[in-house]
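J.: The numbering of the sequence shown is the numbering used here, which starts it at 6 and goes up by one. The beta-carbon is built from N, C-alpha and C at its ideal position, and this holds for glycine as well.
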Amino acid sequence: MALLSGLNVCDTVAFRIANRLPANGTGAGSIIECANQALGLISSSGSWVWDLAIAVGLNLTSDLAIVSNCDSGKEIACFNLANGTRIEKAKTSNLLSASTGYVNTSSTLYNTFYVNTSGGTVQDPVLTFYPPQGNSGGAFVSAVYHLIPPVLFYVAGSNVRWTVTAMDQLLIDLTEAIVKRVLGMAGWDVMYADCVKRIGEFRVTYSSQRENTGPD
């Protein structure tokens, strides 16, 4: 099954609105900008199976790991590579004390971690691990996390990650609704509401955190 591309979305929406906006337009109010807004809304509404990523054996420096393209707003699970033990995410209220009081602690194992962001332009999430080991390399952890959505462009190779036909239709419809809102065209609100309803249904079916896979 071919992946839906930014080009497919823009061409389809441009046809539906009788080319009131060009399919290959760029900048504010363009179809591709609306498509990325729609993809962002879909991505932020749930933890999707196609966004799940696993990094095995991250080599820490100074108790830090920078995880590129990680969505820091979704669940992140970390494990000591040496023995597979889980590293718990610390709450803000006990951030600096969460790693104390453990028995049989090891200089090569971590107990807790927290998430912040790196400086600069990219703002990649940074995982900071406790208790501090001050290592210059050699402490390894594994992380399970969700990726931020890809950026779509008006080219054939700029694709979504899923291979689900219903999700393709959802993205096209939601993009159309946003475009119609920008243009002041009637009916955008009904289409938008329908898309929100479908997102709620799909995020149950395709959630990476779903446990019950049987019928209702």
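1) Which first and last residues belong to the beta strand (DSSP E) in which residue 91 is found?
2) Under the assumption that residue 183 contacts residue 39 (Cβ atoms under 8 Å), give the Cβ distance between them as a whole number of angstroms.
3) So, is residue 100 buried or exposed, given that buried needs 16 or more other C-beta atoms within 10 angstroms?
4) Suppose the cutoff is 6 Å on Cβ atoms and the five residues either side in sequence are ignored; what does the same chain contact list for residue 121 look like?
5) Looking at chain C, is there any beta carbon in it that lies within less than 8 Å of the beta carbon of residue 17?
6) Could you tell me which of 192, 161 and 153 sits nearest to residue 52, measuring between CA atoms?
7) For residue 135, tell me which candidate among 180, 197, 65 and 168 has the shortest Cα-Cα distance.
8) With C-beta atoms as the reference, is residue 129 less than 8 Å away from residue 73?
9) How is residue 99 classed by DSSP in three states: helix, strand or coil?
10) Under 8 Å, do residue 159 and residue 12 count as touching if we go by C-beta distance?
11) Look up residue 212 in the DSSP assignment and give the residues it is bridged to.
12) Check residue 12 in the structure and name its three-state DSSP category.
13) What are the residues that DSSP puts in a beta bridge with residue 67?
14) Locate the alpha helix (DSSP H) running through residue 144, then write down its first and last residues.
15) The alpha helix (DSSP H) spanning residue 170 covers which residue range?
16) What would DSSP say about residue 205, mapped onto helix, strand or coil?
17) Does residue 81 come out as helix, strand or coil in the three-state DSSP assignment?
18) Go ahead and pull the three-state DSSP assignment for residue 33.
T.: The relevant details are as follows:
1) Residue 91 sits at position 86 when you count from the first residue of the sequence shown. From DSSP, the beta strand (DSSP E) with residue 91 extends over 91-94.
2) Here residue 183 is taken as the residue at index 178 of the sequence shown, counted from 1. Here residue 39 is taken as the residue at index 34 of the sequence shown, counted from 1. The pair is a contact, with the Cβ atoms about 4 Å apart (cut-off 8 Å).
3) Locating residue 100 in the sequence shown gives position 95, where the first residue counts as 1. Counting Cβ neighbours within 10 Å, residue 100 comes out exposed, since fewer than 16 surround it.
4) Residue numbering aside, residue 121 sits at position 116 when the sequence shown is read from its first letter. Result list for residue 121: 131, in chain order.
5) You won't find chain C in this structure, because it holds only one protein chain.
6) Counting from 1 along the sequence shown, the entry for residue 52 is found at position 47. Ranking 192, 161 and 153 by Cα distance to residue 52 puts 153 first.
7) Locating residue 135 in the sequence shown gives position 130, where the first residue counts as 1. Taking only the C-alpha atoms, the option nearest residue 135 is 65.
8) Stepping through the sequence shown from its first residue, residue 129 is reached at position 124. Stepping through the sequence shown from its first residue, residue 73 is reached at position 68. In contact: residue 129 and residue 73 (Cβ atoms closer than 8 Å).
9) In the sequence shown, the residue the question calls residue 99 occupies position 94. In the structure shown, residue 99 sits in a helix (DSSP, three-state: H, G or I).
10) One-based indexing of the sequence shown puts residue 159 at position 154. One-based indexing of the sequence shown puts residue 12 at position 7. Closer than 8 Å, so yes.
11) Taking the sequence shown and counting its residues from 1, the one referred to as residue 212 is at position 207. BP columns for residue 212 point to 53.
12) Start at 1 with the first residue of the sequence shown, and residue 12 comes out as number 7. It is helical.
13) Working through the sequence shown from its first residue, we reach residue 67 at position 62. Answer is none; residue 67 lacks a bridge partner.
14) Taking the sequence shown and counting its residues from 1, the one referred to as residue 144 is at position 139. First-last for residue 144: 144-151, but that is the beta strand (DSSP E), not the alpha helix (DSSP H).
15) Here residue 170 is taken as the residue at index 165 of the sequence shown, counted from 1. Here the alpha helix (DSSP H) through residue 170 covers 170-188.
16) Residue 205 sits at position 200 when you count from the first residue of the sequence shown. Reduced to three states, the DSSP call for residue 205 is helix.
17) One-based indexing of the sequence shown puts residue 81 at position 76. Residue state, collapsed to three classes: coil.
18) The residue labelled residue 33 in the question sits at position 28 within the sequence shown. Correct three-state label for residue 33: coil.
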